[in-house]
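So the sequence shown is numbered by my numbering: it starts at 40 and just counts up by one.
The beta carbon of each residue, even a glycine, is placed where N, CA and C say it ideally should be.
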Amino acid sequence: MHEDYLQQIWSQSRIPSPKLQLIDGTPIIIKHPGKHNVSHSGPDFKEACVQFDNLEFHGAIEIHVNGSDWYKHKHHQDDAYNNVVLHVVYNNDLQIVQNGFSIPTLELKSFIDLDHFRKSLALNQSKNDLPCK
């Protein structure tokens, strides 16, 4: 799995929102996936809107292959990540705590179409200028 792929399907709203639950079982609705941050500084998506516990949360979304990537990328030391309202991961191997609070986490492993991922990977690795050649 690749983080770029997860960001792509997130930005295209390819996640089946009505069935989603946080890792603690709380249902979550993705009202707006946010704007993809292409600057490579700060969280992956900004100005997102998600709803859980009968509340709407507006802020940033950070996406990783593994939950523990948060610490590997040193986000816990960067104030730009203090407004993350949702951590989206393929594999939740570690719950993240930022400034003393657990960040709500959505694990995508059971929602990812691996056949689509493999096709996307093959298309991106194609040496042809036009994949349809």
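(message) Between the stretch 129-138 and the stretch 90-97, can you find at least three pairs of beta-carbon atoms closer than 8 Å?
(response) Taking 8 Å as the limit for Cβ pairs, the verdict is that the stretch 129-138 does not touch the stretch 90-97.
(request) Reducing DSSP to helix, strand and coil, say where ILE100 ends up. (result) Taking the first residue of the sequence shown as 1, we reach residue 100 at position 61. ILE100 falls in the strand class under three-state DSSP.
(request) Within the same chain, show all residues whose beta-carbon is closer than 6 Å to that of GLY98, passing over the 5 residues directly before and after it, in chain order. (result) Counted from its first residue, the sequence shown places residue 98 at position 59. Hits under 6 Å: ASN122 and VAL124.
(request) For the beta strand (DSSP E) containing ILE68, list its first residue and its last residue. (result) Locating residue 68 in the sequence shown gives position 29, counting from the first residue. Here the beta strand (DSSP E) through ILE68 covers 68-71.
(request) Would you list the one or two residues that DSSP bridges to SER141? (result) The residue labelled residue 141 in the question sits at position 102 within the sequence shown. VAL136, per the DSSP bridge assignment.
(request) State buried or exposed for GLN116, treating a residue as buried only when at least 16 other CB atoms are found within 10 Å of its CB. (result) Along the sequence shown, read from residue 1 onward, the residue named residue 116 stands at position 77. It is exposed - the Cβ of GLN116 has fewer than 16 other Cβ atoms within 10 Å.
(request) Using alpha carbons as the reference points, say which of ILE100, ILE62, TYR110 and LYS85 lies closest to SER149. (result) As a first step, residue 149 must be located in the sequence shown, where it is residue number 110. With distances taken between Cα atoms, SER149 lies closest to ILE62.
(request) Check each candidate in VAL128, LYS113, ALA87 and PRO82 and name the one with the smallest Cα separation from HIS103. (result) On the sequence shown, residue 103 is found 64 positions in, with the first residue counted as 1. HIS103 has its Cα closest to that of VAL128, out of VAL128, LYS113, ALA87 and PRO82.
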